[in-house]
Each structure stands twice: as structure tokens, then as C-alpha cells.
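According to my numbering, the sequence shown is numbered sequentially starting from -18.
First up is the structure itself, then whatever we jot down about it.
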Amino acid sequence: MNARQRFLATLNNYIPSRPPLFEDGIRDEVLKTWYTQGLSRHEKLSDLIRFDRREEIEPNLEPLPAPTRWPTRLEGLKKLVKRLDPSDPRRLPADWKQRVQAWRSRDYPLILRLQRGYFLTLGVHGWRRFNDAVQLLVDDPQLVEAWMKTYTDFTCTLAERVLDEVEVDAVLFSEPIGGNHGPLISPAMYEKFVLKSYLPILEMLRAHGIRWFIYRTYANTRVLLPGVVRAGFNVLWACETEPQAMDYGAIRQEFGKDLRLIGGIDADSLRQSPDDIQRIVMKVVPPLLQDGGYLPLADGRVREDVPFQNYLYYRNLLEELTEAR
């Protein structure tokens, strides 16, 4: 089976010979450190470790041009709408036609990223704007609802533009909504303002034959998951969270295999000893592999302070566990 077949088989809860083993997100500065720890500059990491390829389509979802001031009243949304033109050529890569042609014969999963969560939708790129976005939920909920609907309409049209040209295997919604202590808005507000705005997008995607909706969160969103699952998301990818807060074993026990899982291995554990890495991996991975609907992966980017030999040990352990079934 190729990487695309493995990905789709795993999401379908069919247990293939092994699930895909995706790359963990390793930046150049990490490789520079590893060159001093035994990684040869003349060798690719992929020559030593099995990585299954995946690609993500990342349309430009920002207002173009960027506003100098964000709307504070309903009337101000009219200017924002003009900046959210889904037909703007800058929304897609300059080599879009060439990419589409290449994707038609691909053997790896292709994922479309469509949403960046509540705070980025409201233009939060700093603390001052963050306070505004939170306060609006209380002071002007009508503006927030209209704002989110504006992005719903924009996202639907932009997604259709993409899907008219290329078949994707899953759609990803990103949600940096809080921290390790939980989301920064209540579950009730999240369902009312955010998930409600996602429903028309999910409906449109289903009409285009999309089956897999990935909820990639960068926070402890445990209390939000019941609403997220009810909305129609069927794949959870929790990143950079405390493992106790987003315990995949407990999540699988509550939601069953209807909620597929990506990740779940504490990336911080890769800084520890091989024995610690083995203990943490063995706690998470074998039970979920046996159950199905699970793609093992570290729950965050690998940083420079992870020793190269530790990373090799972790990846070799994953290969042993997945190939052994």
C-alpha cells in the first residue's frame, strides 16, 4: 500500500499492514544541531528513517490587503468583506496549475487547510487584539456572529474554488484556542459563535464528497470535544498539549473509534532517556494501534534540545511497533 492508501485505510478503521508514519516537523535549526551529534551532512534524514509523505494545501486566508484597523461595528464589516475576495489570485500558490497537475497522480495524502480558529479569524496577532476579540463576545455578540458568517461565506467559496480542480483526502481546521489549562472561551460560547459558523462549511464539503474533517488543536480542548464531535469532526490532532490533559486513551474510551486520532506521543518525552521514551510510547501507541483509527506521531515539533540519538530511538521504536503487527 502507498501512503495515501494507508492514510485512508486507517481513517476507515481498517487496520492496514501499518499506518502511515508522518514526519514530525523538523526545522533547519534542529538539523544543524544534529549535525554536531552524529547526523551526516551528506545524508538525508529520510535515508535513515521511514517517513510517509503528506502535503497540505494552505490557501491565504488573510484579508488582502491587511487592514490597519479591525471592525468595531457591523458597518465596518463591509470593508472587511472587500478584503476577503476568494477569487484573488494571491489566495493560492503562484504555481497552482502545476501543483494541481502533479496532485492528480499522487500516491500520498493531500489535506486542505481551511480554518485557523476563532482568534486568528478576528485578527488576533498580539495581546491587545486578543483582549478586543474576547471582549466582543460579551459586548457585541451580533458583530461576532456576523464576522464569523463573513468568514464562513468566504471559506466556502474559496474551498469550492480548490475542490473544483483537485480531489483532497481530508480537510483540516486549525484551532489555537487556549493553553494547557483549557480554552480561553467557554464551551457554550465556542459552540454558539465558532462551531455554528463551521457547520455550513462542513455541509458544503460533504456535498463535494469529503469524508474526513481534522480538528487540529494547539490547546487543552478537552471540554470542547463533545461539541466538536457533534458538529461533525471525526479526526482529532492535538498538538503541544499536556499529555494528561489530552490523554488519547481516555479520549478513545469516551468517543470510541468514531473519533480517529493523530499524534498523542508527548514530544517533551523525546528530551528524556530512551527508557522514558519507550515507557511513554508503549503506554500510548500499542493499544491504539490494535484498536485502529490511529496514526502515531509526536504531539508537536521536535526542538533543538532533543538529542539526535533520542529521535532515532523514538522513530525506530515506532517502526518496530507498526511493522510488527
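Think of the CB as a built atom: it goes at the ideal place given N, C-alpha and C, for glycine as much as any other residue.
If you're wondering where the values come from, they're calculated on a predicted model, not measured in any experiment.
Residue i lies in the beta strand (DSSP E); which residues open and close that run?
i, result
"residue 245", "241 to 246"
"residue 36", "36 to 38"
State buried or exposed for residue i, treating a residue as buried only when at least 16 other CB atoms are found within 10 Å of its CB.
i, result
"residue 218", "buried"
"residue 178", "buried"
"residue 227", "buried"
"residue 204", "exposed"
"residue 250", "buried"
"residue -5", "exposed"
"residue 41", "exposed"
"residue 196", "buried"
"residue 16", "exposed"
"residue 102", "buried"
"residue 306", "Caution applies to residue 306, whose pLDDT of 41 falls short of 50 and renders its modelled position unreliable; the model cannot decide the point."
"residue 285", "exposed"
If residue i and residue j are in contact, beta carbons under 8 Å, what's the gap, nearest whole angstrom?
i, j, result
"residue 276", "residue 70", "The pair is not a contact, with the Cβ atoms about 34 Å apart (cut-off 8 Å)."
"residue 66", "residue -16", "Contact doesn't hold; Cβ gap of about 35 Å is too wide."
"residue 6", "residue 289", "Actually they do not touch by this definition, with Cβ atoms about 16 Å apart."
"residue 158", "residue 202", "6 Å"
"residue 180", "residue 128", "16 Å between Cβ atoms; not a contact."
"residue 293", "residue 29", "7 Å"
"residue 300", "residue 31", "6 Å"
"residue 241", "residue 274", "4 Å"
Quick one: give me the first and last residue of the alpha helix (DSSP H) that residue i is part of.
i, result
"residue 110", "108 to 120"
"residue -12", "-16 to -8"
"residue 17", "Per DSSP, residue 17 belongs to no alpha helix (DSSP H) and is neither H nor E."
"residue 28", "26 to 29"
(message) Please give the ranges of any alpha helix (DSSP H) in the region 50 to 101, keeping only runs that are unbroken, at least 4 residues long and fully inside the region.
(response) Here the runs fully enclosed are 58 to 64, 77 to 84.
(request) Tell me the start and end of each unbroken alpha helix (DSSP H) in the region 256 to 299 that is at least 4 residues and wholly inside, in chain order. (result) List check, alpha helix (DSSP H) in window: nothing returned.
(message) So within the region 206 to 235, which uninterrupted alpha helix (DSSP H) runs reach at least 4 residues, ignoring any that extend past its ends?
(response) Entirely contained in the region 206 to 235, the alpha helix (DSSP H) runs reaching 4 residues are, in chain order, 206 to 212.
(request) Report yes or no: do the region 87 to 104 and the region 120 to 137 share at least 3 C-beta pairs separated by less than 8 Å? (result) Contact holds: three or more Cβ-Cβ distances are below 8 Å.
(request) Inspect the CB distances between the region 161 to 169 and the region 180 to 190 and report whether three or more fall short of 8 Å. (result) Too few Cβ pairs lie closer than 8 Å, so no.
(message) My parser needs the alpha helix (DSSP H) runs of 4 or more residues fully inside the region 126 to 209; what are they?
(response) Given a length threshold of 4 residues, each whole run of the alpha helix (DSSP H) inside the region 126 to 209 is given here in chain order: 177 to 188.
(request) May I ask you to verify whether the region 114 to 125 touches the region 6 to 18, counting CB pairs closer than 8 Å and requiring at least 3? (result) No: fewer than three Cβ pairs fall under 8 Å.
(message) If contact is defined by three or more beta carbon pairs under 8 Å, each pair taking one atom from either stretch, is the region -15 to -7 in contact with the region 262 to 272?
(response) Counting Cβ pairs under 8 Å, fewer than three are found: no touch.
(request) Kindly confirm or deny that the region 24 to 42 and the region 227 to 243 touch, where touching means at least three C-beta pairs closer than 8 Å. (result) Of all C-beta pairs linking the region 24 to 42 to the region 227 to 243, fewer than three are shorter than 8 Å, placing the two stretches out of contact.
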